[in-house]
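When the letters of the sequence shown are read in order and numbered with the numbering used here, they come out as residues 164 to 877.
A short write-up of the structure that comes next.
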Amino acid sequence: NNLPQTVWIPDAEEVWKSAELLKDYKPGDEVLQLRLEEGKVEYCLDAKTKELPPLRNPDILVGENDLTALSYLHEPAVLHNLKVRFIDSKLIYTYCGIVLVAINPYEQLPIYGEDIINAYSGQNMGDMDPHIFAVAEEAYKQMARDERNQSIIVSGESGAGKTVSAKYAMRYFATVSGSASEANVEEKVLASNPIMESIGNAKTTRNDNSSRFGKYIEIGFDKRYRIIGANMRTYLLEKSRVVFQAEEERNYHIFYQLCASAALPEFKTLRLGNANYFYYTKQGGSAVIDGVDDAKEMVNTRQACTLLGISDSYQMGIFRILAGILHLGNVEFASRDSDSCVIPPKHEPLNIFCDLMGVEYEEMAHWLCHRKLATATETYIKPISKLHAINARDALAKHIYANLFNWIVDHVNKALHATVKQHSFIGVLDIYGFETFEINSFEQFCINYANEKLQQQFNMHVFKLEQEEYMKEQIPWTLIDFYDNQPCINLIEAKMGILDLLDEECKMPKGSDDTWAQKLYNTHLNKCALFEKPRMSNKAFIIKHFADKVEYQCEGFLEKNKDTVYEEQFKVLKSSKFKLLPELFQDEEKAISPTSATPSGRVPLSRTPVKPAKARPGQASKEHKKTVGHQNGCSSQIVKVLNLYTPVNEFEERVLVSFIRTIQMRLRDRKDSPQLLMDAKHIFPVTFPFNPSSLALETIQIPASLGLGFISRV
Numbered sequence: 164n165n166l167p168q169t170v171w172i173p174d175a176e177e178v179w180k181s182a183e184l185l186k187d188y189k190p191g192d193e194v195l196q197l198r199l200e201e202g203k204v205e206y207c208l209d210a211k212t213k214e215l216p217p218l219r220n221p222d223i224l225v226g227e228n229d230l231t232a233l234s235y236l237h238e239p240a241v242l243h244n245l246k247v248r249f250i251d252s253k254l255i256y257t258y259c260g261i262v263l264v265a266i267n268p269y270e271q272l273p274i275y276g277e278d279i280i281n282a283y284s285g286q287n288m289g290d291m292d293p294h295i296f297a298v299a300e301e302a303y304k305q306m307a308r309d310e311r312n313q314s315i316i317v318s319g320e321s322g323a324g325k326t327v328s329a330k331y332a333m334r335y336f337a338t339v340s341g342s343a344s345e346a347n348v349e350e351k352v353l354a355s356n357p358i359m360e361s362i363g364n365a366k367t368t369r370n371d372n373s374s375r376f377g378k379y380i381e382i383g384f385d386k387r388y389r390i391i392g393a394n395m396r397t398y399l400l401e402k403s404r405v406v407f408q409a410e411e412e413r414n415y416h417i418f419y420q421l422c423a424s425a426a427l428p429e430f431k432t433l434r435l436g437n438a439n440y441f442y443y444t445k446q447g448g449s450a451v452i453d454g455v456d457d458a459k460e461m462v463n464t465r466q467a468c469t470l471l472g473i474s475d476s477y478q479m480g481i482f483r484i485l486a487g488i489l490h491l492g493n494v495e496f497a498s499r500d501s502d503s504c505v506i507p508p509k510h511e512p513l514n515i516f517c518d519l520m521g522v523e524y525e526e527m528a529h530w531l532c533h534r535k536l537a538t539a540t541e542t543y544i545k546p547i548s549k550l551h552a553i554n555a556r557d558a559l560a561k562h563i564y565a566n567l568f569n570w571i572v573d574h575v576n577k578a579l580h581a582t583v584k585q586h587s588f589i590g591v592l593d594i595y596g597f598e599t600f601e602i603n604s605f606e607q608f609c610i611n612y613a614n615e616k617l618q619q620q621f622n623m624h625v626f627k628l629e630q631e632e633y634m635k636e637q638i639p640w641t642l643i644d645f646y647d648n649q650p651c652i653n654l655i656e657a658k659m660g661i662l663d664l665l666d667e668e669c670k671m672p673k674g675s676d677d678t679w680a681q682k683l684y685n686t687h688l689n690k691c692a693l694f695e696k697p698r699m700s701n702k703a704f705i706i707k708h709f710a711d712k713v714e715y716q717c718e719g720f721l722e723k724n725k726d727t728v729y730e731e732q733f734k735v736l737k738s739s740k741f742k743l744l745p746e747l748f749q750d751e752e753k754a755i756s757p758t759s760a761t762p763s764g765r766v767p768l769s770r771t772p773v774k775p776a777k778a779r780p781g782q783a784s785k786e787h788k789k790t791v792g793h794q795n796g797c798s799s800q801i802v803k804v805l806n807l808y809t810p811v812n813e814f815e816e817r818v819l820v821s822f823i824r825t826i827q828m829r830l831r832d833r834k835d836s837p838q839l840l841m842d843a844k845h846i847f848p849v850t851f852p853f854n855p856s857s858l859a860l861e862t863i864q865i866p867a868s869l870g871l872g873f874i875s876r877v
């Protein structure tokens, strides 16, 4: 072989540079003689590791449509192959075995038309050029051929194009399967996208249409593999965006769509104006997105709502609540002294908020500046400082928005619910990407934690399980050493991990972000290689994630984890004459207890629940306490089990959202017991919405994953 050997060497600007080896390497050499484009260089090997630079693939292999076909598969080889395909041929898709790698071109490409869908339909994945449609076709084919449900996981950093890819996959299924009825179910499934994007997506510094929540949508099919419906689950909505946006960022799109449509006759009563007038939409200083017409987007949002059966009156109710949130953000407080504050008399923003919400001005003004404290023997009312009042106002706005978001998701699911029996499904997971900004807080921490879990799933399927298959079949194979991110997950979620210490600090009477930071340093600094302390700060910490090092600011972590809303403010809203508003809060009662702070909120990603400290009489006040960091309590467990339970297709119906709501209402006044469904004093009858089964009870296998082994048969 007379061809010169080429290698890749690290470069500060280009990341990797190609170089030709002028003299063969001999063991013991400390320097390599190389030729780069700009001339000859001497490349010094690392004195300790003596690691040689990675070899470059022969030119004949460069541009391959499957990375696994390369002779050398390492970082520079992967990046170079992707670059050549994208720059030279405008090809954004490349396979890596069963994984499709996509590059975001940041422009519309003419490769998603119906003719392209038809070209991929029925084809084998390896026979066609790499494409999102090829992955979708493979999932559809395997569902039909193997009689197994499928899932497509779309992952990547913020701005990589995940949401668009998920939408193309859904469109493929809608086109190739057709619907089983005249009701155009596939159109309804696709109509859920503009609605969810308007209320769940926002402009960030990385992405003009960033998903600020996680979404898993199951598309249901009948026995002939035609779409019959869908069901959506959402995760971890970024509530703080409702009240705060960083520079160059926006609040959720729907607020700007509303402001852009303020002149419409039907919106006159909402008393809206320019987005720069409202505190909750002007903080980022970037109210307009280039190339986006918010008024036009509002038309699309309303059309999608209509298609999904959300009537005009309900739509106006939604817009009324959203407008109310904007006016609430403009409510101002004046300090009386360091511990109390007042709202200016006849304050216009609060007046408009109360009119829209159908509540009494005096009551709302009072409870925005006061809170009720309950002890074992008496109840008394305490004024709060201006800062506390602002935080309470923002917490209320976030909570109204989150409840409205969940209400809309429930109604979208009702519209997408299959009227005939589901035979199989394909799931599409579109979850927020890994992100790091100049200032990273609790939201980025949760998002990056979710991405660590997702990366672990990826590692399991692409490396661990695949290599185990090779070993099982005794195929000669050199095991690939891949990065296992379990230590990082342990740092976050294990006992005495970051979340555990955060939950613990939230229970301390004088717990603060600063004391929590000190506990983190004492527990993990110099003991965990993935945890660091910034040199110039005592109020921040660094985690070495699989994707990058991220510095998190501790400020605000405790408040966001507690997610506290004062109960008296809720009572005012629940007394509203405007019927949609109390509907949003009908599931809230179970979270309130006069003697204890009952956590609810997000379901942890496979974490062991942390037991809460027992409440002492007279310790708690009536407020909503929801630690985002953990979920426990018997009632929550029951609802969680019902939510997670996937029925056995042959004889059971899916557990309906309305049924879960019924269970939640029945559990409202029940005192939590340590064992699930075992408190004999509080038994109530429940009718499960299942089809009658001809199977004997003894033959039904309860999945071990539900952890219901202690239930004895009656």
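Cβ coordinates follow ideal geometry from the N, Cα and C atoms, glycine included.
Everything numeric in this text was worked out from a predicted model, so none of it was measured.
**Q.** Contact set for Leu254: own chain, Cβ-Cβ below 6 Å, skip 5 residues either direction
**A.** Arg248
Q) In whole angstroms, what is the alpha-carbon distance linking Lys658 and Leu592? A) 29 Å
Q. For the segment 517–544, which segments carrying the beta strand (DSSP E) assignment without a break, of at least 3 residues, lie completely within its bounds, in sequence order?
A. 533–537
Q. Are the beta-carbon atoms belonging to Tyr443 and Asn603 less than 8 Å from one another?
A. no
Q: In the DSSP assignment, find the unbroken alpha helix (DSSP H) run with Gln168 in it and report its ends.
A: Run containing Gln168: none; DSSP gives neither H nor E here.
Q. Asn603 bridges to which residues according to DSSP?
A. Tyr715
Q: Counting only the same chain and skipping the five closest in sequence on each side, list residues whose C-beta sits under 7 Å from that of Asn566.
A: Leu747 and Phe748
Q. Is the CB-CB distance between Ala409 and Phe600 below 8 Å?
A. yes
Q. Shortest alpha-carbon distance to Glu412 belongs to which of Cys691, Arg396, Asn372 and Asn569?
A. Asn372
Q) Ordered along the chain, which non-local residues of its own chain (more than five positions away) have a Cβ less than 7 Å from that of Glu541? A) none
Q | CA nearest to the CA of Val348, picked from Ala578, Ile655 and Asp222 | A | Ala578
Q: Assign Ala613 to one of three DSSP states: helix, strand, or coil.
A: helix
Q: For Ile705, collect the residues of the same chain with a Cβ closer than 8 Å to its Cβ; drop the 5 residues on either side in sequence, then sort them by chain order.
A: Phe694, Glu695, Lys696, Pro697, Lys712, Val713, Glu714 and Tyr715
**Q.** Any C-beta of chain C under 8 Å from that of Val406
**A.** The structure shown has no chain C; it contains just one protein chain.
(Q) On the DSSP letters alone, give me the boundaries of the beta strand (DSSP E) that Ile391 sits inside. (A) Ile390 to Tyr398
Q: Whole angstroms is fine: what's the gap from Lys737's alpha carbon to Leu230's?
A: 58 Å
Q. Which same chain residues, not among the five before or five after His574, have their C-beta less than 7 Å away from its C-beta?
A. Ile473
Q.
Here's the rule I'm using: 16 or more other beta-carbon atoms within 10 Å means buried, otherwise exposed. How should Asn356 be labelled?
A. buried
**Q.** Close beta carbons around Glu813, own chain, < 8 Å, minus the five adjacent residues each side
**A.** Residue placement at Glu813 is poorly supported in this model, since its pLDDT is 42, which falls under 50; the coordinates still yield a value, given next. Cβ within range, chain order: n/a, list empty.
(Q) Tell me the DSSP secondary structure of Pro216 in three-state form. (A) coil
Q.
If I measure Cβ to Cβ from Phe516 and keep anything under 8 Å in the same chain, skipping five residues before and after, which residues do I get?
A. Gly487, His490, Leu491, Val494 and Met527
Q: Alpha carbon to alpha carbon, how far is Ile280 from Val339? Give it in angstroms, no decimals.
A: 8 Å
Q. If we count the other Cβ atoms within 10 Å of its Cβ and call it buried at 16 or more, is Ala210 buried or exposed?
A. exposed
Q. Is DSSP giving Trp179 helix, strand or coil here?
A. strand
Q: Under the assumption that His586 contacts Phe384 (Cβ atoms under 8 Å), give the Cβ distance between them as a whole number of angstroms.
A: 6 Å
Q.
Taking the beta strand (DSSP E) that Tyr256 belongs to, which residues open and close that run?
A. Tyr256 to Cys259
Q.
Would the segment 721–737 count as touching the segment 617–626 if we require 3 or more Cβ pairs under 8 Å?
A. no
Q) Just curious, the beta strand (DSSP E) that Gln313 is in, first and last residue? A) Gln313 to Val317
Q) Relative to the C-alpha of Ser314, which residue among Ala299, Lys723 and Arg308 is closest? A) Ala299
Q: Work out the CA separation of Tyr283 and Ser675 for me, nearest whole Å.
A: 57 Å
Q. Can Lys658 be considered in contact with the ligand NAP, in the sense that its beta carbon sits closer than 7 Å to one or more heavy atoms?
A. Only the bare structure without any ligand can be found here, which leaves the ligand NAP out of the picture.
Q: Decide yes or no for the touch test of the segment 260–268 against the segment 189–209: beta carbon pairs closer than 8 Å, at least 3 of them.
A: no
Q | Which of helix, strand or coil DSSP assigns to Tyr633 | A | helix
Q: Flag this pair as yes or no: are the beta carbons of Lys545 and Arg534 separated by less than 8 Å?
A: yes
Q.
Give me, in chain order, the residues of the same chain whose beta-carbon lies closer than 8 Å to that of Ser739; leave out the 5 immediate sequence neighbours on both sides.
A. Met520, Gly521, Val522 and Pro745
Q. Can you pull the DSSP bridge partners for Pro546?
A. His533
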